[in-house]
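Per the numbering used here, the very first residue in the sequence shown carries number 2; after that it's consecutive.
We put the beta carbon where it would ideally sit given N, CA and C, even for glycine.
As the structure is a prediction and not an experimental result, all values here were calculated from the model.
Below: one structure, written as structure tokens.
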Amino acid sequence: MAVWSLCLIIIGWAVSYVAQGVAALRIVALPVAIAFLFTALLFPITRRLRTAGMRPIYATWVSMLIAFTVLGGTGWIIGVRANEEFPRLVRQVQETADEVQTWLQTGPLHLQPTQISTWVSNIAAQVTKQQTVLTGATVALEVLASIVLLLFVTFFLLKDGDRIWAWFLKAFGSATPRVDRAGRAAWVTLSHYVQGTVAVAAVHGVIMGIVLAGMGVPLWAPLAVLIFLASFIPIVGIFFAGAVATLVTLGAQGPIYALIFVGILVVEQQLENHVLQPLIVGRALNFHPLAIILVLAVGGIVGGIAGAAVAVPVAAVIYRAVPELLSDPPVALPPGAAPLLAGDSEAPPPAPAPPTDLVPQADPAQPAGRAESGEATDPKGAVPPAEPAAPDTAPGPAVPGAPDPAADPAQAAPGAPSGTSEPR
């Protein structure tokens with residue numbers, strides 16, 4: 002118990018210092034982690050372009066341009082819709098707020114206007130108190146530096162990922178096979194997780210966007226994008242995005258539409274959790290909800306919203322890579338034990354079937370050179386072990402001028418009747 006306690010203390014100390022280092026270098030760590038996610042998402046496009054014959058640098062640029070086009074088009078649609086619908090949303094929210102205030106005063110609660118004003122002022126004060134005081138210039142510089150670093154890391158991972166991995170493996174010496182297996186398992190897990198999560202989030206965002214547009218809710222396009230982005234944070238993200246969309250629906254269309262939207266959101270979320278997630282993402286990630294909550298809590302404490310977004314894939318990568326790192330490589334088979342490929346010229350011929358009767362008889366289907374070489378089977382039907390053949394009976398390559406054993410059976414097996422094999 003003392004030894005185990007000491008090991009746990011050392012591990013906890015190391016994990017604590019690593020977490021502090023990541024928190025201190027979050028401006029570098031978070032862009033690099035997000036760059037790995039983008040690389041796993043864009044690498045299938047780059048690989049197909051390189052397989053088609055395009056040079057790596059050109060394939061990388063095309064993949065990056067496709068990503069920029071998708072992101073730019075989505076941002077343009079969101080900006081246009083927000084510019085057109087935001088004034089109407091403000092007007093509808095004001096009307097809904099007046100209706101709610103009137104109901105609180107004339108309804109069963111019979112609240113006084115002074116009480117309502119006091120509650121609103123207290124809520125606004127609490128929100129203002131929780132805000133972090135940062136200058137706009139500092140935030141802008143940090144965001145700009147993170148974006149530039151993210152783009153550079155993504156570009157070079159797409160272009161020279163195999164060369165970077167080969168260079169990285171040179172530092173591990175005899176442990177290179179273990180590290181290579183662990184890295185490949187981690188990359189497969191990360192790729193499946195990112196691609197599956199993007200597919201599930203896209204389905205979720207499209208369905209909720211159609212529902213919001215059908216209800217006539219303003220800003221339905223930005224809300225659909227918000228739901229799509231929030232789906233990358235399991236469990237917690239959908240509650241946040243759903244709450245925002247519900248409040249907008251309540252302010253724009255009233256409580257009936259808000260309740261309908263909440264019901265559709267709950268049903269769609271259950272279908273996503275029980276159908277889409279197990280089928281698409283379940284192959285790469287099979288965490289218990291409690292483990293996901295704990296991982297999200299740690300990631301949120303260390304890196305905020307971005308840390309919570311990358312916490313689950315990082316935990317999945319570690320969970321899949323550690324067993325490969327600690328496992329022993331498979332034991333190599335002895336020479337000649339592995340099956341040869343079909344069509345190999347060195348494959349041994351199939352062994353002839355033993356006779357079924359007790360009296361050894363010549364097999365008419367057996368090749369003459371093999372039947373007359375002195376090989377026979379015992380009465381039990383078992384094939385005896387091979388023995389060195391006599392020089393005059395050993396089959397070999399044809400020599401010009403030498404007698405043919407197949408032409409004279411008496412020379413092949415002296416003392417044996419022609420056409421039969423005598424057991425030794």
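Exercise for review: Compute the Euclidean distance between the alpha carbons of alanine 51 and alanine 60, then round it to the nearest angstrom.
Suggested key: Strictly speaking, residue 51 in this sequence is arginine, with alanine absent from that position. Those two C-alpha atoms are separated by around 6 angstroms.
Check your understanding: Count the other CB atoms within 10 Å of the CB of proline 256; is the residue buried (16 or more) or exposed (fewer)?
Key -> exposed
Review point. Whole alpha helix (DSSP H) runs in the stretch 207-276 with 4 or more residues, listed along the chain?
Key: 221-231, 237-254, 256-272
Check your understanding: Is it true that the CB of methionine 209 sits closer than 7 angstroms to the CB of isoleucine 228?
Key -> Yes, they are a contact pair.
Check your understanding: Of the residues Gly243, Phe37, Ala200, Ala176, which one's Cα is nearest the Cα of valine 268?
Key -> Gly243
Point to revise | Inter-residue spacing [alpha-carbon to alpha-carbon] between alanine 338 and glutamate 325 | key: Below a pLDDT of 50, predicted positions are generally treated as unreliable, and alanine 338, at 47, falls in that range; no measurement from the model is reported.
Review point. With DSSP run on the structure shown, which of helix, strand or coil describes leucine 170?
Key: Here leucine 170 sits in helix by DSSP.
Check your understanding: How long is the line joining the alpha carbons of alanine 200 and serine 6, rounded to whole angstroms?
Key -> A straight-line Cα-Cα distance of about 44 angstroms links alanine 200 and serine 6.
Practice item. Run through the stretch 18-93 for me and flag every whole alpha helix (DSSP H) of 4 or more residues, listed as ranges in chain order. Key: 27-52
Point to revise | For alanine 322 and arginine 182, the rounded distance between their alpha carbons | key: Distance from the CA of arginine 182 to the CA of alanine 322, rounded to the nearest whole angstrom, comes to 8 angstroms.
Point to revise | C-beta atoms of phenylalanine 241 and alanine 225 nearer than 7 angstroms | key: no
Check your understanding: Is it buried or exposed for leucine 342, if we count other Cβ within 10 angstroms and need 16 for buried?
Key -> Note that leucine 342 scores a pLDDT of 43, beneath 50, so its modelled location is shaky; the value from the coordinates is reported in the next line. So leucine 342 counts as exposed.
Check your understanding: Three or more C-beta pairs closer than 8 angstroms, one from the stretch 29-44 and one from the stretch 147-162: is that the case here?
Key -> Contact annotation: the stretch 29-44 touches the stretch 147-162, with at least three C-beta pairs closer than 8 angstroms.
Practice item. Rank Ser147, Val63, Leu266, Val195 by C-alpha distance to the C-alpha of threonine 247 and give the top, closest one. Key: Leu266
Review point. For alanine 98 versus leucine 220, is the C-beta spacing smaller than 7 angstroms?
Key: no
Exercise for review: Mark tyrosine 194 as exposed unless 16 or more other C-beta atoms lie within 10 angstroms of its C-beta, in which case mark it buried.
Suggested key: buried
Point to revise | Where serine 118 sits in the DSSP three-state scheme | key: helix
Check your understanding: Exposed or buried, which one is methionine 2 when buried takes at least 16 other CB atoms within 10 Å?
Key -> exposed
Review point. Just to confirm, are leucine 159 and proline 314 a CB contact at a threshold of 7 angstroms?
Key: no
**Study point:** Whole-angstrom distance between threonine 47 and alanine 176, CA atom to CA atom
**Key:** 30 angstroms
**Study point:** Buried or exposed (CB count within 10 angstroms, at least 16 for buried), isoleucine 12
**Key:** exposed
Review point. According to the Cβ coordinates, are valine 23 and valine 263 closer than 7 angstroms?
Key: no
Review point. Is serine 328 helix, strand or coil by DSSP?
Key: Three-state DSSP puts serine 328 in coil, outside helix and strand.
Review point. Is the beta carbon of alanine 309 less than 7 angstroms from the beta carbon of isoleucine 234?
Key: If you check the CB distance, alanine 309 and isoleucine 234 come in under 7 angstroms.
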